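S.K.: Here the sequence shown is numbered in UniProt numbering, starting from 1 and rising by one per residue. We treat Cβ as the ideally placed atom computed from N, Cα and C, and that holds for glycine. Keep in mind that this is a model prediction, so the values were computed, not measured. Pasting a structure below so you can have a look.
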Amino acid sequence: MATALVIENDPTDDARRLGEWLTEAGLQLSVTRPHAGDELPADLDGYAALVVLGGDQQAYPGDDGSPGAPWFPAVEGLLRKAVRHRLPTLGICLGAQLLATAHAGTVERSPAGPEVGPAVVGRRDAADTDLLFRYVPLIPDVLQWHADEITELPAGATLLAASTRYPNQAFRLGDRAWGLQFHIECDTAMIADWATDSALLAELGYDPELVISACNAVMVDVEEVWQPFAARFAALALGELDGDEPRRSLPLLGH
């Protein structure tokens, strides 16, 4: 069975629903937790895909020049290898930001302020020919929880989704690496954990219970869009999606 390396940067942000969708689609997951002391592999030999999850850390160096987490330089090295060798790659929130910084993009504290809760993003025209995004609706539902943003995409990146306040919501590097600023992996329990004593919610003046309720209300809509997206990513890793059409029947929105 083909195996995806999943890098978990924060114990509060595991693969959750995304992991379930990928395994249902036929991928085996090998989860590495550097935050808990797991050692990252030196290369990606033997892996069919790479998934880098989110976290509370910053993708950019601190004031003293140190990385947001000690293992981030190694993660960025793996992301560069994945893009160079055309390994199917997916970065979620912090993972997308690390995909950007690994390729000379810019991530910084968002001048627009934090973005938290259910939202929509707008698909760009370039998504029409993208292997994964071509079946995503024009204005898909997403879950947001970030204070940093990608303010400059890497050279050669293709913008696939945007929003008014945060222009770089989804992008592709090469033909097989995708970064999503938003979250697709969360369930309501994960959101509830994040909302407990959340500095972001306090900064925004949001009621945690209302945020949890609002996120819970769109969980079905998020799944309707992003479960098929995850299945197509898995099919690409399995060698079952190539070129213009899938080699086998894949779930599409509404089916």
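Can you list, in chain order, the stretches of the beta strand (DSSP E) that have 3 or more residues and sit fully within the segment 128-182?
M.R.: The qualifying runs are 141-146, 148-152, 158-162, 170-173, 177-180.
S.K.: From Val218 to Ser163, what distance separates their C-alpha atoms?
M.R.: Distance between the alpha carbons of Val218 and Ser163 is about 18 angstroms.
S.K.: Would you mind sorting residue 270 into buried or exposed? The rule is 16 or more other CB atoms within 10 Å of its CB.
M.R.: Here the chain covers residues 1 to 255 and nothing more, so residue 270 does not appear.
S.K.: Is it the case that the Cβ atoms of Leu94 and Gly54 are separated by a distance below 8 angstroms?
M.R.: yes
S.K.: Is it buried or exposed, Asp175, if we count other Cβ atoms within 10 angstroms and call 16 or more buried?
M.R.: By the 10 Å Cβ count, Asp175 comes out exposed.
S.K.: Rounded to whole angstroms, how far is the Cβ of Leu143 from the Cβ of Val222, which I believe are closer than 8 angstroms?
M.R.: Contact between Leu143 and Val222 holds: CB atoms are separated by about 6 angstroms, below the 8 angstroms threshold.
S.K.: Identify, in the order they occur along the chain, each residue of the same chain with its Cβ nearer than 7 angstroms to the Cβ of Leu216, setting aside the five sequence neighbours on each side.
M.R.: Residue identity differs from the one stated: residue 216 is Asn in this sequence, not Leu. Excluding residues within five positions, the ones whose Cβ falls inside 7 angstroms are Thr188.
S.K.: Could you check where the alpha helix (DSSP H) with Ser213 kicks off and where it finishes?
M.R.: 208-217
S.K.: Classify Pro88 as helix, strand or coil using the three-state DSSP reduction.
M.R.: Note: Pro88 maps to coil in three-state DSSP.
S.K.: Take Asp43 and list the residues in its own chain whose beta-carbon comes closer than 7 angstroms to its own, dropping the five residues that flank it on each side.
M.R.: Lys81
S.K.: In or out: Trp21 buried (at least 16 other Cβ within 10 Å) or exposed?
M.R.: Label assigned to Trp21: buried.
S.K.: Excluding sequence positions up to five away, which residues of its chain have a Cβ less than 6 angstroms from the Cβ of Ile74?
M.R.: Looking at the sequence provided, one finds Ala at residue 74 rather than Ile. Cβ within range, chain order: Leu40.
S.K.: As a quick exercise: from His103, Gly205, Glu24, pick the residue whose alpha carbon is nearest that of Pro228.
M.R.: Glu24
S.K.: Please confirm whether any heavy atom of the ligand FMN lies closer than 7 angstroms to the CB of Glu185.
M.R.: This structure lacks the ligand FMN, and indeed carries no ligand of any kind.
S.K.: What are the residues that DSSP puts in a beta bridge with Pro111?
M.R.: Pro111 pairs with nothing; no bridge assigned.
S.K.: In terms of residues, what are the limits of the alpha helix (DSSP H) holding Leu29?
M.R.: Looking at the DSSP string, Leu29 is not in any alpha helix (DSSP H); the run it does join, the beta strand (DSSP E), is 28-32.
S.K.: To the nearest whole angstrom, what separates the beta carbons of Ala195 and Val211, a pair I think is in contact under 8 angstroms?
M.R.: 6 angstroms
S.K.: Alpha carbon to alpha carbon, what distance is there between Phe133 and Leu200?
M.R.: 30 angstroms
S.K.: Whose C-beta lies closer than 6 angstroms to the C-beta of Val6 among residues of the same chain, with five residues either side of it excluded?
M.R.: Ala15, Leu29, Val31, Val51
S.K.: Taking only the alpha-carbon atoms, compute the straight-line gap between Ala234 and Cys186 and give it to the nearest angstrom.
M.R.: 18 angstroms
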